[in-house]
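Numbering (our numbering), first residue to last: 284 to 406.
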(Lines of atoms letter the chains of each structure in order from A; the text may use other names.)
(Lines give C-alpha, C1' and ligand atoms only; values in the text may rest on other atoms or scores of the structure.)
Protein backbone atom coordinates (compact mmCIF):
# COMPACT_ATOMS: atom_id res chain seq x y z
CA UNK A 284 0.00 0.00 0.00
CA UNK A 285 1.40 3.37 -1.03
CA UNK A 286 1.34 6.29 1.41
CA UNK A 287 -0.74 9.20 0.22
CA UNK A 288 0.18 12.79 0.83
CA UNK A 289 -3.01 14.75 1.39
CA UNK A 290 -3.27 18.44 2.24
CA UNK A 291 -5.02 17.54 5.52
CA UNK A 292 -1.79 15.78 6.63
CA UNK A 293 0.01 19.14 6.65
CA UNK A 294 -2.45 20.81 9.06
CA UNK A 295 -0.40 20.06 12.23
CA UNK A 296 2.70 21.60 10.65
CA UNK A 297 0.78 24.68 9.51
CA UNK A 298 -0.82 24.99 12.94
CA UNK A 299 2.58 24.79 14.67
CA UNK A 300 4.01 27.44 12.34
CA UNK A 301 1.06 29.75 13.01
CA UNK A 302 1.43 29.31 16.77
CA UNK A 303 5.18 30.03 16.55
CA UNK A 304 4.68 33.14 14.41
CA UNK A 305 1.85 34.28 16.68
CA UNK A 306 4.06 33.86 19.74
CA UNK A 307 6.87 35.90 18.18
CA UNK A 308 4.55 38.70 17.04
CA UNK A 309 2.72 38.81 20.38
CA UNK A 310 5.95 38.83 22.38
CA UNK A 311 7.44 41.62 20.29
CA UNK A 312 4.25 43.72 20.47
CA UNK A 313 3.78 43.30 24.23
CA UNK A 314 7.42 44.03 25.11
CA UNK A 315 7.36 47.09 22.85
CA UNK A 316 4.21 48.43 24.54
CA UNK A 317 5.02 47.72 28.21
CA UNK A 318 8.81 48.02 28.08
CA UNK A 319 10.68 51.05 29.42
CA UNK A 320 11.15 53.97 27.06
CA UNK A 321 14.16 55.87 28.38
CA UNK A 322 15.81 57.73 25.54
CA UNK A 323 19.04 59.34 26.65
CA UNK A 324 21.82 60.98 24.71
CA UNK A 325 24.12 58.01 25.37
CA UNK A 326 21.57 55.48 24.12
CA UNK A 327 20.95 57.35 20.90
CA UNK A 328 24.61 57.68 19.89
CA UNK A 329 26.02 54.99 17.60
CA UNK A 330 28.89 52.91 18.90
CA UNK A 331 31.05 50.01 17.83
CA UNK A 332 31.87 47.51 20.58
CA UNK A 333 31.69 50.22 23.23
CA UNK A 334 34.22 52.44 21.45
CA UNK A 335 33.22 55.88 20.25
CA UNK A 336 33.07 56.29 16.50
CA UNK A 337 36.07 58.07 15.00
CA UNK A 338 36.17 59.05 11.35
CA UNK A 339 34.23 57.75 8.39
CA UNK A 340 33.06 54.14 8.18
CA UNK A 341 33.75 54.08 4.45
CA UNK A 342 37.54 54.27 4.71
CA UNK A 343 39.24 51.57 2.66
CA UNK A 344 40.71 48.58 4.48
CA UNK A 345 43.74 46.62 3.48
CA UNK A 346 42.96 43.59 1.33
CA UNK A 347 45.41 41.57 3.44
CA UNK A 348 42.79 41.12 6.17
CA UNK A 349 40.33 39.55 3.77
CA UNK A 350 43.03 37.47 2.09
CA UNK A 351 44.17 36.00 5.40
CA UNK A 352 40.55 35.26 6.34
CA UNK A 353 39.88 33.47 3.05
CA UNK A 354 43.13 31.50 3.32
CA UNK A 355 42.20 30.47 6.86
CA UNK A 356 38.81 29.20 5.70
CA UNK A 357 40.41 27.41 2.74
CA UNK A 358 42.99 25.55 4.81
CA UNK A 359 40.47 24.92 7.58
CA UNK A 360 38.11 23.21 5.12
CA UNK A 361 41.02 21.17 3.79
CA UNK A 362 41.75 19.91 7.30
CA UNK A 363 38.09 18.94 7.72
CA UNK A 364 38.51 16.56 4.76
CA UNK A 365 41.14 14.67 6.76
CA UNK A 366 38.76 13.56 9.51
CA UNK A 367 36.83 10.96 7.45
CA UNK A 368 40.16 9.65 6.18
CA UNK A 369 41.47 9.30 9.74
CA UNK A 370 38.33 7.41 10.80
CA UNK A 371 38.56 4.96 7.88
CA UNK A 372 42.36 4.78 7.75
CA UNK A 373 42.67 1.04 8.38
CA UNK A 374 39.97 0.09 5.89
CA UNK A 375 41.63 1.98 3.02
CA UNK A 376 45.02 0.34 3.22
CA UNK A 377 47.94 1.47 1.07
CA UNK A 378 45.70 3.09 -1.53
CA UNK A 379 44.20 5.40 1.09
CA UNK A 380 47.64 6.23 2.42
CA UNK A 381 48.94 7.16 -1.06
CA UNK A 382 45.85 9.26 -1.76
CA UNK A 383 46.30 11.12 1.53
CA UNK A 384 49.98 11.74 0.76
CA UNK A 385 48.96 13.23 -2.60
CA UNK A 386 46.32 15.35 -0.85
CA UNK A 387 48.81 16.53 1.78
CA UNK A 388 51.42 17.30 -0.91
CA UNK A 389 48.87 19.42 -2.78
CA UNK A 390 47.95 21.18 0.45
CA UNK A 391 51.61 21.77 1.28
CA UNK A 392 52.28 23.09 -2.24
CA UNK A 393 49.42 25.57 -1.82
CA UNK A 394 50.75 26.65 1.56
CA UNK A 395 54.28 27.13 0.16
CA UNK A 396 52.80 29.17 -2.70
CA UNK A 397 50.99 31.39 -0.20
CA UNK A 398 54.19 31.92 1.78
CA UNK A 399 56.24 32.67 -1.38
CA UNK A 400 53.66 35.27 -2.45
CA UNK A 401 53.89 36.78 1.08
CA UNK A 402 50.12 36.68 1.41
CA UNK A 403 50.38 36.22 5.17
CA UNK A 404 52.65 39.22 5.76
CA UNK A 405 50.81 42.17 7.31
CA UNK A 406 53.33 44.81 6.26
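Beta carbons are placed, not taken as given, at the ideal position from N, Cα and C, and that holds for glycine.
Between the alpha carbons of residue i and residue j, how many angstroms are there, rounded?
i: residue 385; j: residue 375; result: 15 Å
i: residue 301; j: residue 309; result: 12 Å
i: residue 317; j: residue 304; result: 20 Å
i: residue 329; j: residue 322; result: 13 Å
i: residue 381; j: residue 352; result: 30 Å
i: residue 268; j: residue 341; result: The question about residue 268 has no answer here: the residues shown for the chain are numbered 284 through 406.
i: residue 288; j: residue 324; result: 58 Å
i: residue 338; j: residue 320; result: 30 Å
i: residue 295; j: residue 366; result: 40 Å
i: residue 315; j: residue 292; result: 36 Å
i: residue 306; j: residue 387; result: 51 Å
i: residue 311; j: residue 356; result: 37 Å
Please say whether residue j and residue i have beta carbons closer to each other than 9 Å?
i: residue 392; j: residue 350; result: no
i: residue 326; j: residue 405; result: no
i: residue 358; j: residue 394; result: yes
i: residue 397; j: residue 354; result: yes
Throw me the rounded Cβ distance for the residue i and residue j pair, which I believe falls under 8 Å.
i: residue 368; j: residue 383; result: 6 Å
CB-CB under 8 Å to residue i, same chain, minus the five flanking residues each way: which ones, in chain order?
i: residue 371; result: 379
i: residue 298; result: none
Below 6 Å CB to CB, which residues in the same chain sit around residue i once its five sequence neighbours on both sides are set aside?
i: residue 290; result: none
Kindly list the residues whose CB is nearer than 7 Å to the CB of residue i, restricted to its own chain and excluding five residues on each side of it in sequence; keep chain order.
i: residue 390; result: 361
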